[in-house]
Every structure is written in structure tokens, then in C-alpha cells.
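With my numbering applied, the sequence shown corresponds to residues 16 to 394, in that order. A virtual CB, placed ideally from N, CA and C, is assigned to each residue, including glycine. Working notes, beginning with the structure itself.
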Amino acid sequence: ERLYLLAQVATLEHKYDEAIDIYYFILDHQPDIPNIRFRLAELYSKQEDWLRAEYHYRLALAHKDTPKEIQHRIKYALYYIRKNKNWNLWFNIGIAPDNNVNNTTSGEQCVMTMFGVMCNTLDEPEKDVGLNTMLGGNYEFKLSDKWRLRNEFLVYNSKYDNKKYDDTYLYYVLGARYIYDRGDIFFGPTVSKRYLGHKEYNYSTGFMVETSYDLTKQLNANLTLSYTPTYYDDYSDILDGDVKSARLRLFYALDSSKYLIFKTGYEYEKTKDETYTNDRINFALGFGAELPYGFHVYAEPSVLFTNYKGDRWTVKDYEFKQVKEKDVTQRYSISISNRKIAIWDLVPTLTYSYTDKNSNIWQREYEKSLIEFTIQKRF
């Protein structure tokens, strides 16, 4: 109570950073106090730090002990944030040791011929250390009280000692955003370009629609639909086509310190060569928690089902066969970070992930472990 009063005094004296430090000190010992989350959100709103304000508002709103009048205030504050959050910029940089960067399995594939059994040795998994960087941002021009013109871009790059695995991806969208009481909708044309191994790989033009809506005081839904014609530089006769996708993300705040994130999506990729036409459906369920002493943990298991529509030749049971490939990829990841060791709001995060891909074509199966140390920044 004494610390709370000191934070209130600091707020009245417009010493917002000092008040924020006091509130976090309280949360270090008891991270599930909804009133402290609410006070933090109020301070971040005063500083126009909209992302942090929204995060703490949602956690405070979810707690059963939050008074009704505070709930109404938070709901209006979320609408106010949607109307005033007109720009964002983020980046992260990290080192990622990978024990199977080429996503392959070892062993031999053998086929029976008139001259006897002939075998071919498959590639061995390669180890490498990647340097991953990502920069993204958006800016909105206000057209009216509820309409905005939004620009958004993303640049992703990964570099390895073996340069053939280097990957660069560029993305840009320009469109209109409409804001209403419990959500918003954003739609517009998109362009993207990808380079693999420092060579042009593909580019795309398309259209996307994204909408967010607060279904209840604890549940927020985000739905993205996109249509993306894609053109390949070296494989145009085989891979050129289009991709249709739908992605749903649900954020459910359990209380003022814990939350769930459910993600699912469907993607249909049509190519000139039916062998590579496929559809994919994925499911993921993540759990995040604010822990004592500034720690934050997030764990997420996920599964991806991939079904190809055309037969492909493969070696199976010592003979060549035509098989429609069906894959199941499981991924398990856990991340841990601590805001107390942040420097200039740069927060280090350690992530471990394990991926296991099973297939009816065993040569396309693999396992891999990845440890990634990243430093993240949001403005």
C-alpha cells in the first residue's frame, strides 16, 4: 500500500517513469494484481506507448475482481488506442544455432534393378549458426474520425556461413483502415519479393483483408484473408500460381497475469504443375504468463498438415512409385525473457524449438532443434 501511494504521488507530479518502476516492483512480487495492471496501462497511455497500454489493459480487464466502472473505462480506452495508434516500428536481431539447417534426413534410398540393388546416399543434416534480423513498421494518415490510410512494411533476413541458405524477404501493403467501437478492419493490395542464396527466388502481388474484434472482455479475435498470385524466377513453368489463405488468431486473457493464444489457418497453393499444388491446415495453442521478478514465459505446441494434390515419383519398397505426398509437421517451442535486464528497452529472449516432420515419403522426413537468442525492440 505504501508503494502504491508513492506511485500515485509520482503520477500526480508527472514523474511517470518513476511511477512505472514502482508498479513493476510491486508486480515482481505479485504479478496478478489487476489494479496495478490498470495503473500501468493508464501511465503508458499518457506516454502514448499504445502497445504496452493495450497489453496491460487487456490483462486487467480479464480479472474477475476488476470493478464494473473500471471495465467500462478500459473498454473505452481500447477504442481510444485504436483511434490514436497511428504508427509502430519494431525490430529484432538474434543468433540461431541450427542442427539441421537443410531440413533433411540421412541414410540411403535403394531400388531393385535388373543388375541388382542400387542405392543412393541421402544428404546428411548440416549444422550452422544463423544471424536473423527483422525490421517492420507501419504509419497511418488520418482521413477522418474513423478512416485511415495505412502503409506497412516488413524486411526479414537470415544469414549463414553457408551462403546458399541465406534468405531475404520483403513485404509491403498500402490500404484503408476503418475503426469502430470494438474492432477495426484493414484492407489493401500487397507486394512481396524473396531472395534465396542471394538469387531472386519469387515475387508476388495480391490483396489482403485483416479484421480485429473484441468478442468478450477476455477474448479478442483477429482474422486475415489473402489472395496472392506468385511468380518464380527459375521455376516459372512448374511453380507459378496463386495462394489463397485464411488465418485466425484468438487472444484469451485468463486473468491479470496469464493468457492463451489459439491460432489456426488454411492455405491453398495452386501451381502450374499439379505435383506441387497443395493445401495446408495448421493449429497452435500458446500459453503465456507474467512471473515474479520480471520473468515472462511463453510455450506453444503446433501442428501443420500438408497434402499435395498430384502424384510424384519416389523410391519406396525398393521400387519407383507414384505417391501423393502427405506431411505432418509438429513443432514445440518455449521462450523466456526478463524485462529487468532490458537495456534501452531492448529485451533479450531465449527460445528453444523442436520440429519433427513425418511423411508418407520417408525421404522428406526430418527432425531439428533450434536455439535462438534474440534482442527485441518495439517503439
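In the DSSP secondary-structure assignment, SER350 is bridged to TYR313, THR366. Taking ARG88 as reference, the option from ASP248, SER272, LEU76 with the minimal CA-CA separation is LEU76.
Per DSSP, the continuous beta strand (DSSP E) segment holding ARG163 begins and ends at 162-174. The residue among LYS232, LYS208, ASN237, PRO204 with its C-alpha nearest the C-alpha of PHE222 is PRO204. Pairing SER219 with THR245 gives a Cβ-Cβ distance under 7 Å. C-alpha of ASP326 to C-alpha of LEU230: approximately 43 Å in a straight line.
DSSP lists VAL144 as the beta-bridge partner residues of PRO112. Only residues of its own chain outside the window of five on either side were considered, and among them GLY280, LEU319 have a CB closer than 6 Å to the CB of ASN297, listed in chain order.
Excluding five sequence positions before and after ILE35, the CB atoms of its chain that fall closer than 7 Å to its own CB belong to LEU55, LEU58, given in chain order.
The Cβ atoms of ALA304 and ILE349 do not sit closer than 7 Å to each other.
Here GLN378 has THR120, GLN124, LEU137, THR329, VAL330 as same chain residues with Cβ atoms under 8 Å from its own Cβ, once five neighbours each way along the sequence are excluded. Within the same chain, and ignoring the five residues on either side of LEU150 in sequence, the residues whose Cβ sits closer than 6 Å to its Cβ are PHE106, VAL170. Considering only LEU74, THR148, ARG192, LEU27, the residue with the shortest C-alpha distance to TRP102 is ARG192. The residue among TYR187, ILE48, VAL126, ILE200 with its C-alpha nearest the C-alpha of VAL206 is TYR187. Around the beta-carbon of PHE335, fewer than 16 other beta-carbon atoms lie within 10 Å, marking it exposed. Assignment of ASN135 by DSSP, reduced to helix, strand and coil, places it in the strand class.
A straight line joining the alpha-carbon of ASP360 with that of ILE390 spans about 10 Å. Counting only the Cα atoms, GLU284 lies some 46 Å from LYS61. When the Cα atoms are used, VAL116 and ASN177 turn out to be separated by approximately 10 Å. Take the alpha-carbon of MET133 and the one of MET127: they are about 6 Å apart. Cβ contact annotation for LEU263 (same chain, cutoff 6 Å, sequence separation greater than five): LEU238, THR279, in chain order.
Burial check for TYR70: the Cβ neighbour count within 10 Å reaches 16 or more, so the residue is buried. Here DSSP, grouped into helix, strand and coil, assigns ALA236 to strand. Residue state for ILE96 is assigned as helix, using DSSP reduced to three classes.
The C-alpha of SER271 lies about 24 Å from the C-alpha of ASP199.
The distance from the Cβ of ARG354 to that of GLY309 is about 5 Å, consistent with a contact at the 8 Å cut-off.
In terms of CA proximity to ARG295, VAL258 leads the group PHE168, LYS98, VAL258, VAL224.
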